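Undergrad: Quick one: the structure is below, and I'll ask about it shortly.
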Amino acid sequence: AGVNRISYWPADPEISLQNEASNPMSTDDAKLDAKAVERLKSNSRARVCVLLQPLVCYMVQFIEETSSRFDFVQKIAKSQPDCNTDFYAACRQERIKEYESLFLISNEEMHKQILMTIGLENLCENPYFSNLRQNMKDLVLVLATVAASVPVFGSFGFYNSESQRTNETDDQCLPQDIARHCMIQARLLAYRTEDHKTGVGAIIWAEEKSRSCDGTGAMYFVGCGYNAFPAGSEYADFPHMDDKQKDREIRKFRYIIHAEQNALTFR
């Protein structure tokens with residue numbers, strides 16, 4: 140099939156390998172799926188790998204500080220008369236517990252067994268294994284931290300302005316869970332920016348005449364991206380604009396591509 144790379148989130152696959160006692164049939168399917176990957180490796184010389192890099196130093200702290208000040212969660216906090224400053228912290232702890240149960244494996248031996256089953260046995264030895272688990276925890280913490288800044292709370296959400304709302308436009312709007320998902324994704328993309336002034340993440344949807352766009356009404360997904368230098372460029376390929384002159388403080392770098400433009404080209 141021309142497969143040259145098979146990439147995993149290095150935990151339990153979608154078809155779970157952890158539920159052997161309760162559902163052995165499901166585990167058998169998962170093992171067959173893992174064997175199919177092995178056949179792809181042998182037939183196509185595909186490389187099984189993990190697209191998981193360590194986070195930049197202090198990245199988690201920076202994301203936590205900026206997420207706690209995000210205007211959406213601040214508006215919710217201010218609307219509650221008995222609310223205290225721990226509102227965001229409580230939301231974050233809930234998300235951390237939820238995502239750790241979804242994306243991490245608490246039992247180390249079980250984790251190693253799953254890695255061996257899906258063809259990642261080279262990651263089962265230390266220090267690779269301990270580094271892998273730490274990197275996974277850091278990324279889950281980042282996801283939970285950003286998601287906590289856009290909590291599900293009462294009637295708070297993302298809507299058209301009152302002056303534009305009609306029954307027709309309401310039908311064309313995305314459901315709130317999808318809108319919230321897109322906002323979280325856009326904020327995650329913004330942290331990948333290569334512009335040290337302002338990070339921008341863009342999620343672009345378009346309107347279709349058909350009403351059956353994969354469960355999203357008349358809207359369909361186009362692309363996502365973040366503001367960055369041209370794809371394929373190396374760091375320092377392009378000069379950075381200095382901030383010594385006042386008119387340059389608010390200007391975008393000359394060679395930075397807009398997030399919306401990168402979204403259309405799947406950057």
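Going by the working numbering, the first residue of the sequence shown is number 140, and it counts up by one from there.
Positions of the beta carbon are idealized from the N, C-alpha and C atoms, including for glycine.
Since we're looking at a predicted model, the values are computed, not measured.
With DSSP collapsed to three states, give me the class of E346.
TA: Assignment of E346 by DSSP, reduced to helix, strand and coil, places it in the strand class.
Undergrad: In or out: P149 buried (at least 16 other Cβ within 10 Å) or exposed?
TA: Classified as buried, P149 has 16 or more neighbouring CB atoms from the shown chains inside 10 Å of its CB.
Undergrad: Determine the contact status of T234 and A286, defining contact as a CB-CB distance below 8 Å.
TA: The sequence given here has Arg at residue 234, not Thr. Yes, Cβ-Cβ distance for R234 and A286 is below 8 Å.
Undergrad: Give every residue of the same chain whose Cβ lies closer than 6 Å to the Cβ of A402, excluding the five residues on either side of it in the sequence, and list them in chain order.
TA: A341, I343, G362, C363, G364
Undergrad: Buried or exposed, going by whether 16 or more other CB atoms sit within 10 Å of the CB of M322?
TA: buried
Undergrad: Taking the straight line between their C-alpha atoms, what separation do you get for D210 and K236?
TA: Here the alpha carbon of D210 sits roughly 24 Å from the alpha carbon of K236.
Undergrad: In whole angstroms, what separates the C-alpha of A370 from that of T337?
TA: 19 Å
Undergrad: Which whole runs of the alpha helix (DSSP H) in the segment 190–214 are 4 residues long or more, in chain order?
TA: 198–207
Undergrad: Any idea what DSSP makes of A318, helix, strand or coil?
TA: helix
Undergrad: What's the call for A367, buried or exposed, on a 16-neighbour Cβ count within 10 Å?
TA: buried
Undergrad: Check whether the segment 197–216 touches the segment 239–254, taking contact to mean three or more Cβ pairs, one atom from each stretch, closer than 8 Å.
TA: no
Undergrad: Would DSSP call H397 helix, strand or coil?
TA: coil
Undergrad: If we ignore side chains and look at the alpha-carbon of each, how far apart do A345 and N265 end up?
TA: So the two alpha carbons sit approximately 47 Å from each other.
Undergrad: Name the DSSP bridge partner or partners of F360?
TA: W344
Undergrad: Within this structure, are the beta carbons of Q432 and G293 separated by less than 8 Å?
TA: Outside the displayed span of the chain (140 to 406) sits residue 432, for which this structure offers no information.
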